[in-house]
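S.K.:
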Amino acid sequence: MSDEAQRLEIQALRRRVAALEAEVARRRDPPAAQREAELRLVTDALPMLVASIDRDYRYRFNNRHYETWFGRHGADLVGLHVRDVLGPEAFAERRPFLDRALAGETIAADGALPDRHGNPRACAIQYIPRRDAAGAVDGIFVLAIDVEERRAAEARRIAVAELGDRLRDLDDTAAIAFAASEILGTTLGVSRAGYGTIDPVAETILIERDWNAPGIRSLAGTLQFRDYGSYIEDLKRGETVICVDAEADPRTASGAEALKAISAQAFVNMPLTEHGGFVALLYLNHATARTWSAEELAFMRNVGERVRAATERSRATAARRASEAQFLAFAQVVPNHVWAASPAGALDWFNDQVHVYSGAAAGALAGEAWAGLVHPEDRAGVIRTWGEAVAGGHPYEAEFRIRRGDGAYRWFLVRAEPIRAADGAILRWVGTNTDIEDRKAAAAELARLNASLERQVVHRTRERDRIWETTTDLMGTAGLDGYLKTVNPAWARTLGWSEAELLSRPFAVLIDPADHAETGEVVRRLAAGETVTGFVDRVFAKDGGQRIVMWTAAPDGAHFTIIGRDITDQRRTEDALRQAQKMEAVGQLTGGLAHDFNNLLTGISGSLELLQTRMAQGRLTDLDRYVNAAQGAAKRAAALTHRLLAFSRRQTLDPKPTNVNGLVAGMEELVRRTVGPAITIEVVGAAGLWPALVDPNQLENALLNLCINARDAMPEGGRITIETANKWLDIRAARERDLEPGQFLSLCVTDTGTGMTPEVIARAFDPFFTTKPIGEGTGLGLSMIYGFARQSGGQVRIYSELGQGTTVCLYLPRHYGTAQERDGEADLAHAPRAEQGQTVLIVDDEPTVRMLVTEVLEDLGYTAIEAADGAGGLKVLESDVRLDLLVTDVGLPGDMNGRQMADAGRVVRPGLKVLFITGYAENAVLGNGYLEPGMQVMTKPFVMEALAARIRELIAEGRET
Numbered sequence: 001m002s003d004e005a006q007r008l009e010i011q012a013l014r015r016r017v018a019a020l021e022a023e024v025a026r027r028r029d030p031p032a033a034q035r036e037a038e039l040r041l042v043t044d045a046l047p048m049l050v051a052s053i054d055r056d057y058r059y060r061f062n063n064r065h066y067e068t069w070f071g072r073h074g075a076d077l078v079g080l081h082v083r084d085v086l087g088p089e090a091f092a093e094r095r096p097f098l099d100r101a102l103a104g105e106t107i108a109a110d111g112a113l114p115d116r117h118g119n120p121r122a123c124a125i126q127y128i129p130r131r132d133a134a135g136a137v138d139g140i141f142v143l144a145i146d147v148e149e150r151r152a153a154e155a156r157r158i159a160v161a162e163l164g165d166r167l168r169d170l171d172d173t174a175a176i177a178f179a180a181s182e183i184l185g186t187t188l189g190v191s192r193a194g195y196g197t198i199d200p201v202a203e204t205i206l207i208e209r210d211w212n213a214p215g216i217r218s219l220a221g222t223l224q225f226r227d228y229g230s231y232i233e234d235l236k237r238g239e240t241v242i243c244v245d246a247e248a249d250p251r252t253a254s255g256a257e258a259l260k261a262i263s264a265q266a267f268v269n270m271p272l273t274e275h276g277g278f279v280a281l282l283y284l285n286h287a288t289a290r291t292w293s294a295e296e297l298a299f300m301r302n303v304g305e306r307v308r309a310a311t312e313r314s315r316a317t318a319a320r321r322a323s324e325a326q327f328l329a330f331a332q333v334v335p336n337h338v339w340a341a342s343p344a345g346a347l348d349w350f351n352d353q354v355h356v357y358s359g360a361a362a363g364a365l366a367g368e369a370w371a372g373l374v375h376p377e378d379r380a381g382v383i384r385t386w387g388e389a390v391a392g393g394h395p396y397e398a399e400f401r402i403r404r405g406d407g408a409y410r411w412f413l414v415r416a417e418p419i420r421a422a423d424g425a426i427l428r429w430v431g432t433n434t435d436i437e438d439r440k441a442a443a444a445e446l447a448r449l450n451a452s453l454e455r456q457v458v459h460r461t462r463e464r465d466r467i468w469e470t471t472t473d474l475m476g477t478a479g480l481d482g483y484l485k486t487v488n489p490a491w492a493r494t495l496g497w498s499e500a501e502l503l504s505r506p507f508a509v510l511i512d513p514a515d516h517a518e519t520g521e522v523v524r525r526l527a528a529g530e531t532v533t534g535f536v537d538r539v540f541a542k543d544g545g546q547r548i549v550m551w552t553a554a555p556d557g558a559h560f561t562i563i564g565r566d567i568t569d570q571r572r573t574e575d576a577l578r579q580a581q582k583m584e585a586v587g588q589l590t591g592g593l594a595h596d597f598n599n600l601l602t603g604i605s606g607s608l609e610l611l612q613t614r615m616a617q618g619r620l621t622d623l624d625r626y627v628n629a630a631q632g633a634a635k636r637a638a639a640l641t642h643r644l645l646a647f648s649r650r651q652t653l654d655p656k657p658t659n660v661n662g663l664v665a666g667m668e669e670l671v672r673r674t675v676g677p678a679i680t681i682e683v684v685g686a687a688g689l690w691p692a693l694v695d696p697n698q699l700e701n702a703l704l705n706l707c708i709n710a711r712d713a714m715p716e717g718g719r720i721t722i723e724t725a726n727k728w729l730d731i732r733a734a735r736e737r738d739l740e741p742g743q744f745l746s747l748c749v750t751d752t753g754t755g756m757t758p759e760v761i762a763r764a765f766d767p768f769f770t771t772k773p774i775g776e777g778t779g780l781g782l783s784m785i786y787g788f789a790r791q792s793g794g795q796v797r798i799y800s801e802l803g804q805g806t807t808v809c810l811y812l813p814r815h816y817g818t819a820q821e822r823d824g825e826a827d828l829a830h831a832p833r834a835e836q837g838q839t840v841l842i843v844d845d846e847p848t849v850r851m852l853v854t855e856v857l858e859d860l861g862y863t864a865i866e867a868a869d870g871a872g873g874l875k876v877l878e879s880d881v882r883l884d885l886l887v888t889d890v891g892l893p894g895d896m897n898g899r900q901m902a903d904a905g906r907v908v909r910p911g912l913k914v915l916f917i918t919g920y921a922e923n924a925v926l927g928n929g930y931l932e933p934g935m936q937v938m939t940k941p942f943v944m945e946a947l948a949a950r951i952r953e954l955i956a957e958g959r960e961t
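Written as structure tokens, this is what we have:
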């Protein structure tokens with residue numbers, strides 16, 4: 001903005017402010033709300049930013065334009081400190097003006113205010129003291145007008161004038177292009193500006209020189225348009241390509257990363273045409289996304305037209321000068337000797353290269369003097385053949401030696417062509433001498449090398465033969481017809497078969513039939529031209545044994561080369577190592593078990609011992625403390641054995657069709673209480689989630705364990721996301737997760753915690769492995785989850801990056817059916833009593849278990865019959881005594897287990913209800929979790945309330961049926 005324009009703008013501002021103050025004074029009497037509404041109505045009509053600030057630098061009023069500028073609502077601005085709206089840097093810059101206005105001074109000062117995007121824009125700003133009724137300054141009116149576009153237009157006008165001045169003095173096209181690029185780049189504030197010539201067929205741009213902002217590298221050189229997108233098609237049609245964001249523009253999305261790498265996420269490509277053809281390009285690049293205003297594009301077109309005109313003028317001048325000096329420049333610049341002769345063959349002109357080479361002065365070689373430079377042995381032949389060419393008027397070509405200024409001779413290829421008039425008459429002869437000394441030497445050297453190469457081939461062939469004969473690797477060639485073509489002696493030494501035996505039969509007969517399918521796949525890949533490495537076959541030896549061979553095969557037309565290494569001994573060593581590692585793992589497992597169970601047994605035995613002592617002393621108060629301690633230790637022992645069985649995939653599961661979304665929702669409040677207030681819980685349940693056939697109690701336990709682990713990974717707080725989803729796993733996805741292809745549902749727990757290293761992930765499912773401090777974890781949580789998932793037909797996977805958090809996903813097979821509603825837990829004190837004559841048969845080899853179950857049943861009014869083994873239980877079952885329910889252990893002594901006894905009993909008592917109680921999961925005996933109707937299972941240890949409820953439930957079912 002010019003000084004005069006700025007002065008007029010400030011005067012206008014002052015007149016508007018005076019009118020505003022007068023209007024405020026006139027309306028001072030109405031109520032405050034009315035005054036503020038009227039003030040807002042007046043100031044909203046002004047094309048400027050208006051605000052009122054008190055002495056504490058806090059906003060008390062602002063108009064609509066002020067809100068729009070900063071992207072805030074009026075209610076949000078009132079009461080805010082100026083620093084919070086402008087930002088610390090802009091506030092520090094404006095504060096001296098605010099302080100002067102608060103001191104009573106009216107100030108007009110240009111400056112930059114950040115807009116709602118944080119971009120500074122030029123403004124004409126006035127600070128006017130606001131006085132109270134007593135005349136004291138109690139605040140400031142701030143008025144600002146956006147002058148950014150006005151200044152930009154002025155800058156563009158000045159830039160066009162400057163470009164015109166610079167182009168008048170330039171003839172070089174590169175200098176013209178750079179001058180335009182520099183003015184474009186500095187005026188528009190872009191990262192790069194440049195000009196290049198276009199090859200529309202090759203779709204390339206050649207950039208000689210470009211202007212670049214500080215820190216931006218040059219693109220000088222040749223670039224291929226297709227590397228950055230498809231917009232070359234628009235340019236070929238003569239259309240200007242305007243890209244605001246390469247990532248969002250469909251023409252450049254595929255090349256967005258390449259464009260960002262050259263600081264061109266946003267760009268403008270403006271084609272320049274000559275004679276209707278696309279020949280050049282004026283371009284602007286910006287490192288980040290940005291919009292291009294119509295004014296900026298018009299400015300660019302103006303500059304482009306000026307560049308095109310200046311370039312055409314420069315090219316015309318250069319072409320004229322080049323035409324005038326073309327022949328002389330060619331003759332003097334080429335490294336060859338160039339000479340000319342009269343129609344009669346007299347040499348009369350030589351270029352400088354001839355004089356430099358021969359050392360002869362200008363004019364000294366004219367006529368026949370040039371022949372003195374020819375080697376004496378070649379001279380007569382040269383003169384004769386030159387004369388024949390001149391006489392016959394045909395082209396001349398010969399090789400001979402020419403003397404150098406120091407007396408040395410070098411070989412040259414000499415050619416001459418006649419220049420003819422339109423009537424065919426020879427006007428002149430033009431000839432060249434090309435130095436071929438190096439070529440001659442190279443030819444001699446090549447002949448020597450060929451002889452040497454023959455000797456090397458013989459030597460290397462002998463070396464190859466020695467390797468072929470002595471290596472222990474099986475080497476040979478084979479055809480796609482399944483027959484070996486050649487074999488080295490290692491085959492006979494390793495397998496015992498002779499060469500004739502190997503070549504006379506299909507190779508497949510030597511391979512274990514179990515490996516035929518994989519070998520056939522390898523042959524198919526070889527036929528497709530693929531090199532195959534690392535595949536293993538078991539190959540029969542002549543003595544009847546087998547050798548394990550690892551092969552590499554490379555195709556060669558209808559044949560392929562094979563190399564095999566006998567790894568039989570290596571595999572045996574690896575098997576021995578794995579067995580040693582297994583034994584080490586067993587040692588760690590038993591040590592951990594002994595440690596944990598000793599602690600738990602100490603709690604149980606100590607509590608019972610103190611209970612016995614207190615009862616003997618007659619001190620019957622506080623006995624609950626010892627009972628609770630013993631029960632707590634027993635429950636922890638039960639949990640430990642449960643985790644061990646889960647890890648070994650031998651726990652007894654009670655799978656039911658389960659609504660996993662409902663299970664997660666039911667657990668949400670417990671999880672929130674468990675992880676604490678510092679961690680946010682987010683549950684994302686998939687709509688239409690399939691049911692899963694799982695043990696819901698074990699799934700709840702697994703989910704809670706995962707959330708506790710996630711909590712421990714976020715000591716400073718964070719977010720846990722529990723998410724469910726339906727998954728279709730194809731062959732590849734299933735193989736990655738060690739599952740069969742099919743339909744699964746996933747339950748994933750994600751945290752924002754510390755993450756895991758690959759080494760920790762590899763050991764995360766090992767029993768007793770933990771990264772927590774001693775005493776804060778058993779190391780069985782993840783191993784239990786892994787065992788539960790695998791036993792349920794699913795899988796668990798960990799996805800984690802150090803410092804980025806962890807996701808643990810359980811994959812469970814889909815159940816084709818509907819989910820069941822879950823029942824609540826029973827209370828022994830309120831368990832329903834038995835009806836008259838209801839009898840339960842209890843079969844267990846552990847007397848203590850029989851005693852406890854009998855006590856519970858008798859307390860509830862049932863008649864209990866006991867048996868210690870399957871044979872005894874079967875006798876009762878085959879008798880005529882009334883039996884309403886069979887409660888039996890699965891693992892019983894003798895030849896009959898609990899399932900066999902129950903099946904035999906159902907032969908004579910069809911529909912008999914059976915409850916299996918077991919502390920060790922004989923899954924095969926129980927049908928891998930699938931029991932016949934009327935059969936249920938409970939895992940020891942269990943609470944008596946649960947046993948009583950389950951017995952009553954089974955008996956009730958029997959009565960209903």
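Going by this note's numbering, the first residue of the sequence shown is number 1, and it counts up by one from there.
We treat Cβ as the ideally placed atom computed from N, Cα and C, and that holds for glycine.
The model shown is predicted, which means the values in this text are computed figures rather than measured ones.
Going by DSSP, name the residue or residues bridged to Gln546.
M.R.: The sequence position of residue 546 within the sequence shown is 546, counting from 1. BP columns for Gln546 point to Phe540.
S.K.: Per the DSSP calculation, Val683 is bridged to which residue(s)?
M.R.: As a position in the sequence shown, residue 683 is number 683, starting the count at 1. Val683 pairs with Ile722.
S.K.: Let me make sure I understand the geometry here. Which of Gly189, Gly194, Asp169 has the alpha-carbon closest to that of Ala180?
M.R.: On the sequence shown, residue 180 is found 180 positions in, with the first residue counted as 1. Taking only the C-alpha atoms, the option nearest Ala180 is Gly194.
S.K.: Quick one: grab the DSSP three-state call for Val796.
M.R.: Residue mapping note: residue 796 aligns to position 796 of the sequence shown, counting from 1. In the structure shown, Val796 sits in a strand (DSSP, three-state: E or B).
S.K.: What residue range does the beta strand (DSSP E) around Phe744 cover?
M.R.: As a first step, residue 744 is located in the sequence shown; it is residue number 744 there, counting from the start. From DSSP, the beta strand (DSSP E) with Phe744 extends over 742-751.
S.K.: Which same chain residues end up closer than 6 angstroms to Thr754 when comparing Cβ atoms and leaving out the 5 residues on each side of it in sequence?
M.R.: Translated into positions along the sequence shown, residue 754 becomes position 754. Excluding positions up to five away in sequence, the list reads Ala713.
S.K.: Assign Ser800 to one of two classes, buried (16 or more other C-beta atoms within 10 Å of its C-beta) or exposed (fewer than that).
M.R.: What you label residue 800 is simply residue 800 of the sequence shown in a count that begins at 1. Result: buried.
S.K.: Here's the rule I'm using: 16 or more other beta-carbon atoms within 10 Å means buried, otherwise exposed. How should Gly775 be labelled?
M.R.: Mapped onto the sequence shown, residue 775 falls at position 775. Its pLDDT being 45, under 50, Gly775 is placed unreliably by the model, and the measurement read from it follows with that caveat. Gly775 comes out exposed.
S.K.: Buried or exposed for Arg950, going by 16 or more other Cβ atoms inside 10 Å?
M.R.: As a position in the sequence shown, residue 950 is number 950, starting the count at 1. By the neighbour-count rule (16 or more Cβ atoms within 10 Å), Arg950 is buried.
S.K.: Can you grab the Cα-Cα spacing for the pair Arg209 / Leu219, in whole Å?
M.R.: One-based indexing of the sequence shown puts residue 209 at position 209. One-based indexing of the sequence shown puts residue 219 at position 219. One C-alpha to the other measures close to 8 angstroms.
S.K.: Measure from the alpha carbon of Gln743 to the alpha carbon of each residue in Arg814, Thr752, Leu706, then state which is nearest.
M.R.: Here residue 743 is taken as the residue at index 743 of the sequence shown, counted from 1. When each option's Cα is compared against that of Gln743, the closest is Arg814.
S.K.: To the nearest angstrom, how far is it from the Cα of Ala850 to the Cα of Val843?
M.R.: Within the sequence shown, residue 850 is the residue found at index 850, counting from 1. Within the sequence shown, residue 843 is the residue found at index 843, counting from 1. Correcting the residue type first, residue 850 is Arg in the shown sequence and not Ala. Going by the C-alpha atoms only, they are around 7 angstroms apart.
S.K.: In whole angstroms, give me the CA-to-CA distance for Ala528 and Thr519.
M.R.: Position 528 of the sequence shown, counting from 1, holds the residue named residue 528. Position 519 of the sequence shown, counting from 1, holds the residue named residue 519. Approximately 14 angstroms between the Cα atoms of the pair.
S.K.: Suppose you measure from the CA of Arg649 to the CA of Asp465; what does that come to, to the nearest Å?
M.R.: Against the sequence shown, residue 649 aligns to sequence position 649. Against the sequence shown, residue 465 aligns to sequence position 465. With a pLDDT of 41 at Arg649, under the threshold of 50, the predicted position of this residue should be treated as unreliable, though the coordinate-derived value follows. Rounded to whole angstroms, Arg649 to Asp465 spans 57 angstroms at the Cα level.
S.K.: By Cβ distance below 8 angstroms, which residues in the same chain neighbour Asn697 in space, the five residues on each side in sequence not counted?
M.R.: By 1-based counting over the sequence shown, the position of residue 697 is 697. Only Asp654 meet the Cβ criterion.
S.K.: With distances taken Cα to Cα, identify the nearest neighbour of Thr863 among Val856, Val876, Thr839.
M.R.: As a first step, residue 863 must be located in the sequence shown, where it is residue number 863. When each option's Cα is compared against that of Thr863, the closest is Thr839.
S.K.: Tell me which residue opens and which closes the alpha helix (DSSP H) that Thr173 is part of.
M.R.: One-based indexing of the sequence shown puts residue 173 at position 173. Element bounds for Thr173: 173-188.
S.K.: Within the same chain, show all residues whose beta-carbon is closer than 8 angstroms to that of Leu163, passing over the 5 residues directly before and after it, in chain order.
M.R.: The residue you call residue 163 lines up with position 163 of the sequence shown. Excluding residues within five positions, the ones whose Cβ falls inside 8 angstroms are Ala179, Ala180, Ile183, Val303, Arg306.
S.K.: Please classify Tyr816: is it buried, with 16 or more other beta-carbons within 10 angstroms of its beta-carbon, or exposed?
M.R.: In the sequence shown, counting from the first residue as 1, residue 816 sits at position 816. Exposed, since its Cβ has fewer than 16 Cβ neighbours within 10 Å.
S.K.: Just the Cα atoms here: how many angstroms apart are Val683 and Ala248?
M.R.: Reading the sequence shown from its first residue, position 683 is the one you call residue 683. Reading the sequence shown from its first residue, position 248 is the one you call residue 248. Roughly 32 angstroms separates the two Cα atoms.
S.K.: Report the start-end ranges of each alpha helix (DSSP H) in the region 402-470 that is 4 residues or longer and not cut off at the edges.
M.R.: Taking only runs of at least 4 residues, the alpha helix (DSSP H) segments lying wholly in the region 402-470 are 437-470.
S.K.: Where does Asn709 land, buried or exposed, given buried means 16+ other C-beta within 10 angstroms?
M.R.: Residue 709 sits at position 709 when you count from the first residue of the sequence shown. It is buried - the Cβ of Asn709 has at least 16 other Cβ atoms within 10 Å.
S.K.: As a quick exercise: from Arg301, Pro893, Leu449, Val539, pick the residue whose alpha carbon is nearest that of Asp869.
M.R.: Residue numbering aside, residue 869 sits at position 869 when the sequence shown is read from its first letter. Checking every option, the nearest Cα to that of Asp869 belongs to Pro893.
S.K.: In the DSSP assignment, what are the bridge partners of Cys809?
M.R.: Translated into the one-based positions of the sequence shown, residue 809 becomes position 809. Note: Cys809 sits in a beta bridge opposite Cys748, Arg797.
S.K.: Name the residue from Arg763, Ala90, Gln804 whose alpha carbon lies nearest to the alpha carbon of Tyr786.
M.R.: Here residue 786 refers to the residue found at position 786 of the sequence shown. It is Arg763 whose Cα lies nearest to the Cα of Tyr786.
S.K.: Tell me the residue span of the alpha helix (DSSP H) that contains Met851.
M.R.: Counting from one through the sequence shown, the residue named residue 851 turns up at place 851. Looking at the DSSP string, the run of the alpha helix (DSSP H) that includes Met851 is 847-859.
S.K.: Taking Trp349 as the reference, which of Ile140, Arg290, Thr432 has the closest Cα?
M.R.: Taking the first residue of the sequence shown as position 1, residue 349 is located at position 349. Comparing Cα positions, the closest option is Thr432.
S.K.: What is the rounded straight-line gap between the Cα of Val268 and the Cα of Arg156?
M.R.: Position 268 of the sequence shown, counting from 1, holds the residue named residue 268. Position 156 of the sequence shown, counting from 1, holds the residue named residue 156. Using only the alpha carbons, I get a separation of about 17 angstroms.
S.K.: On the three-pair Cβ rule with 8 angstroms, is the region 536-552 touching the region 443-461?
M.R.: These segments do not touch.
S.K.: For the region 110-127 against the region 76-83, do three or more pairs of beta-carbon atoms, one drawn from each stretch, fall closer than 8 angstroms, so that the two count as touching?
M.R.: Because the criterion of three Cβ pairs below 8 angstroms is not met, the region 110-127 and the region 76-83 do not touch.
S.K.: What would DSSP say about Gly111, mapped onto helix, strand or coil?
M.R.: For the purposes of this step, residue 111 is identified with residue 111 of the sequence shown, where counting begins at 1. Reduced to three states, the DSSP call for Gly111 is strand.
S.K.: Work out the CA separation of Thr757 and Asp56 for me, nearest whole Å.
M.R.: To locate residue 56, count along the sequence shown from 1; it is residue 56. To locate residue 757, count along the sequence shown from 1; it is residue 757. Looking at the two C-alpha atoms, the distance is approximately 53 angstroms.
S.K.: In terms of residues, what are the limits of the beta strand (DSSP E) holding Lys656?
M.R.: If you number the sequence shown from 1, residue 656 lands on position 656. Lys656 -> beta strand (DSSP E) spans 656-658.
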